[in-house]
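A.B. asks: Can you read through this structure? Questions will come right after.
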Ligand code: UTP
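In the UniProt record's numbering, the protein residues as written are 1 to 493.
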């Protein structure tokens, strides 16, 4: 175990309060505190704390929208080209070249649930687990089936990589074991890994403690992905993975490992892409993907000046309308380069209510007002920093329709948006559109009951048979190609 003197030297005057109770700790407590201090770069975080306090004046003169030729609007693509992309994507899956990374390490403070976001049972009645992670797993299982049908001689595989953090690791792992079994994918193709934690600060830059023998820490933001995945890349490469789809855990409509996107990126020889939805209201709280002096960046909604937010192009659309939804495509080569240790992402500051151990009273305090600072890195910050590794990136904006592909779970129910009832509603609406497109009539269905189609049956509306469905009074669920209605099962054709 590292000695008191070494720890004290490492902490310096600024953070020596962390060792206040050292003499009263038992061996186990000393061990745990020492290894926590050993594992952090005190100077780096102190420096980061100082930097985020400084207001950096920003110039927006060099900001411009992404050029039209790199801004793909999926809904406007020629259907034939779209089919070709789909096929290219499925081919990559059939060769085992695709990895899907889910960022599931967030603390979900706005939601305020007592379990990780991805594991909450959404009550759709599609499976016993019925969570956001189950939906993603079922979509993966469905894609594997489609790839096998398209390429019968292949052995399709998708590497599913789930990033967790200290607070989500155990429950997510336990949940995934059930989910994977339920949808019938192989645990050999699932990797659960954890992002790093950063000490939390009080408002004066001192580390907060969570007990007398532990530092209060928080995950390092979804940009922690790069450092966390770095050690996994060689194995993934040796397994033949060439394309990554990086998604958030909380979007119920997320088309994970989307063959359309992967196929388009292959076709256009892109090494990275950002999925966006059209921002129609200039003041919507979403960052926009744009260029700064020719380098791709995301301008956060809190940063964008009014004139830029409101600027319109000759067609009357917002010039800066590429609203980032934190979903990306990266090639293996690109991910390897930007995960290099030499790429230093900036830290962002989040002022939060952080429970802490009060050294003067020896009690844990639950603050009512924000009392501390969490430092976070963001997954999209890698774009401007790609130049650190001399990368001239071939970038695409991949614009999708919000109602088809984006409905996140962020808030508790009382907020009324981006909450469980709205993501269920949006999923049901999308399923209804699929049925309408497939010519399936929900006859006698006057009540607008929700329709949930299992992702094991259809990934994006494909393969829904034509037919008539008898009147429905209760919730309709499509499971395994059958229609279940008030406990009775009917064929859809
Ligand atoms: P959000 O920024 O919405 O954070 O994350 P959150 O933790 O889910 O919710 P709040 O802000 O605390 O209410 C967007 C995605 O990034 C992941 C989340 O799990 C979500 O999928 N994320 C966020 C991480 O994986 N790690 C982090 O440190 C932060």
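Backbone N, C-alpha and C fix where the C-beta goes; we use that ideal spot for every residue, glycine too.
#1: Mark residue 97 as exposed unless 16 or more other C-beta atoms lie within 10 angstroms of its C-beta, in which case mark it buried.
#2: What span of residues does the alpha helix (DSSP H) with residue 47 cover, start to end?
#3: Quick check on residue 337: buried or exposed, where buried means 16 or more other Cβ atoms within 10 Å of its Cβ?
#4: Using 10 angstroms around the beta-carbon of residue 131, count the other beta-carbons present and answer buried if the total reaches 16, otherwise exposed.
#5: Examine the ligand UTP and report whether any of its heavy atoms sits within less than 7 Å of the Cβ of residue 169.
#6: Can you tell me which of 249, 126, 153 puts its alpha carbon nearest to the alpha carbon of residue 163?
#7: Return the chain-ordered list of same chain residues with a C-beta closer than 7 Å to the C-beta of residue 74, the five sequence neighbours on each side being excluded.
#8: Taking the C-alpha atoms as reference points, what is the distance between residue 508 and residue 140?
#9: Can you tell me where the beta strand (DSSP E) holding residue 197 begins and where it ends?
#10: Less than 7 Å between the CB of residue 285 and some heavy atom of the ligand UTP, yes or no?
#11: Tell me whether residue 264 sits in a helix, a strand or coil according to DSSP, three-state version.
#12: Rounding to the nearest angstrom, what Cα-Cα distance links residue 426 and residue 123 in this structure?
#13: Between residue 308 and the rest of its own chain, which residues show a CB-CB distance below 7 Å, the 5 nearest in sequence each way excluded?
#14: Out of curiosity, what's the CA-to-CA distance linking residue 432 and residue 150?
#15: Residue 226 to residue 441, Cα distance in whole Å?
#16: Nearest by alpha-carbon distance to residue 85: which of 303, 166, 264, 360 is it?
#17: Any heavy atom of the ligand UTP closer than 7 Å to the Cβ of residue 166?
#18: What does the Cβ neighbour count give for residue 223, buried or exposed, with the cut at 16 atoms within 10 Å?
#19: Given 7 Å as the limit, tell me if residue 95 has its C-beta closer than that to any heavy atom belonging to the ligand UTP.
#20: Count the CB pairs spanning the region 341-352 and the region 376-385 that are closer than 8 Å, and state whether there are at least three.
#21: What is the residue span of the beta strand (DSSP E) that residue 298 lies within?
#22: Answer yes or no: do residue 183 and residue 137 have a C-beta to C-beta separation smaller than 8 Å?
#23: Taking 7 Å as the cut-off, does the CB of residue 107 come closer than this to any heavy atom belonging to the ligand UTP?
#24: Where does residue 203 land, buried or exposed, given buried means 16+ other C-beta within 10 angstroms?
#25: State yes or no: is the C-beta of residue 271 within less than 8 Å of the C-beta of residue 207?
#26: For residue 99, which beta-bridge partners are listed by DSSP?
#27: Could you round the C-beta distance between residue 194 and residue 107 to whole angstroms and report it? I think they count as a contact, below 8 Å.
#28: Give a single yes or no on whether residue 137 has its beta carbon closer than 7 Å to a heavy atom of the ligand UTP.
#29: Report the residue from 254, 43, 117 whose alpha carbon sits nearest the alpha carbon of residue 455.
#30: Looking only at its chain, what residues have a beta carbon closer than 7 Å to the beta carbon of residue 394, apart from the 5 residues adjacent to it on each side?
#31: Per DSSP, residue 394 forms a beta bridge with which residues?
#32: What do you get for residue 105, buried or exposed, if any count of 16 or more other CB atoms within 10 angstroms of its CB means buried?
#33: Is residue 326 near the ligand UTP, going by C-beta to nearest heavy atom under 7 Å?
#34: Distance, Cα to Cα, residue 364 vs residue 413?
#35: So is residue 415 buried or exposed if we call it buried at 16+ other beta carbons inside 10 Å?
#36: Mind pulling the alpha helix (DSSP H) runs of 4 or more residues that sit fully within the region 70-128?
C.D. replies: Answer, in terms of the structure:
#1: Here residue 97 corresponds to residue number 97 of the chain shown, with the count starting at 1. Buried is the call here.
#2: By 1-based counting over the chain shown, the position of residue 47 is 47. It spans 42-53 - the alpha helix (DSSP H) in which residue 47 sits, taken as one unbroken run.
#3: Residue numbering aside, residue 337 sits at position 337 when the chain shown is read from its first letter. Taking a 10 Å sphere around the C-beta of residue 337, we find 16 or more other C-beta atoms and assign the residue as buried.
#4: Looking up residue 131 in the chain shown gives position 131. Counting other Cβ atoms within 10 Å of its Cβ, residue 131 reaches 16 or more and is therefore classed as buried.
#5: Working through the chain shown from its first residue, we reach residue 169 at position 169. No; taking the cut-off as 7 Å, the Cβ of residue 169 has no heavy atom of the ligand UTP nearer than that.
#6: What you label residue 163 is simply residue 163 of the chain shown in a count that begins at 1. Across the set 249, 126, 153, the C-alpha of 249 shows the shortest separation from the C-alpha of residue 163.
#7: Your numbering for residue 74 matches position 74 in the chain shown. Excluding positions up to five away in sequence, the list reads 260, 398, 399, 400.
#8: The structure shown does not extend to residue 508, since the chain spans only 1 to 493, so no value can be given for it.
#9: The residue given as residue 197 occupies position 197 in the chain shown. For residue 197, the enclosing beta strand (DSSP E) begins and ends at 197-199.
#10: Residue mapping note: residue 285 aligns to position 285 of the chain shown, counting from 1. Every heavy atom of the ligand UTP is 7 Å or more from the Cβ of residue 285, so no.
#11: Position 264 of the chain shown holds residue 264. Three-state result, residue 264: helix.
#12: Translated into positions along the chain shown, residue 426 becomes position 426. Translated into positions along the chain shown, residue 123 becomes position 123. Taking the straight line from one Cα to the other gives about 14 Å.
#13: Here residue 308 refers to the residue found at position 308 of the chain shown. Answer for residue 308: 60, 63, 320, listed in chain order.
#14: As a working mapping, residue 432 is identified with position 432 in the chain shown. As a working mapping, residue 150 is identified with position 150 in the chain shown. Distance between the alpha carbons of residue 432 and residue 150: 26 Å.
#15: Counting from one through the chain shown, the residue named residue 226 turns up at place 226. Counting from one through the chain shown, the residue named residue 441 turns up at place 441. Going by the C-alpha atoms only, they are around 47 Å apart.
#16: Here residue 85 is taken as the residue at index 85 of the chain shown, counted from 1. The option with the nearest alpha carbon to residue 85 is 264.
#17: In the chain shown, residue 166 corresponds to position 166, counting from 1. Not under cutoff, so the answer is no.
#18: Looking up residue 223 in the chain shown gives position 223. Label assigned to residue 223: buried.
#19: As a working mapping, residue 95 is identified with position 95 in the chain shown. False, no ligand heavy atom lies under 7 Å from that Cβ.
#20: yes
#21: The sequence position of residue 298 within the chain shown is 298, counting from 1. Here the beta strand (DSSP E) through residue 298 covers 295-299.
#22: Walking along the chain shown from the start, residue 183 turns up at place 183. Walking along the chain shown from the start, residue 137 turns up at place 137. Taking 8 Å as the Cβ cut-off, residue 183 and residue 137 qualify as a contacting pair.
#23: Mapped onto the chain shown, residue 107 falls at position 107. Result yes, Cβ under 7 Å from the ligand UTP.
#24: Sequence index remark: in the chain shown, residue 203 carries index 203 (1-based). Its Cβ having fewer than 16 others within 10 Å, residue 203 is exposed.
#25: If you number the chain shown from 1, residue 271 lands on position 271. If you number the chain shown from 1, residue 207 lands on position 207. No, Cβ-Cβ distance for residue 271 and residue 207 is not below 8 Å.
#26: The residue you call residue 99 lines up with position 99 of the chain shown. In DSSP, residue 99 forms a bridge with 159, 244.
#27: Along the chain shown, one-based indexing puts residue 194 at 194. Along the chain shown, one-based indexing puts residue 107 at 107. With a Cβ gap of about 14 Å, residue 194 and residue 107 do not count as contacting.
#28: Locating residue 137 in the chain shown gives position 137, counting from the first residue. For the ligand UTP, not one heavy atom lies less than 7 Å from the Cβ of residue 137.
#29: Numbered from its first residue, the chain shown carries residue 455 at position 455. For residue 455, the nearest C-alpha among the options comes from 254.
#30: Your numbering for residue 394 matches position 394 in the chain shown. Answer for residue 394: 269, 270, 271, listed in chain order.
#31: Taking the first residue of the chain shown as 1, we reach residue 394 at position 394. Answer is none; residue 394 lacks a bridge partner.
#32: For this step, residue 105 is matched to residue 105 along the chain shown. It counts as buried.
#33: Taking the chain shown and counting its residues from 1, one reaches residue 326 at position 326. Within the cutoff, so yes.
#34: Position 364 of the chain shown, counting from 1, holds the residue named residue 364. Position 413 of the chain shown, counting from 1, holds the residue named residue 413. Computed Cα separation, rounded: 29 Å.
#35: Here residue 415 refers to the residue found at position 415 of the chain shown. It is exposed - the Cβ of residue 415 has fewer than 16 other Cβ atoms within 10 Å.
#36: 79-94
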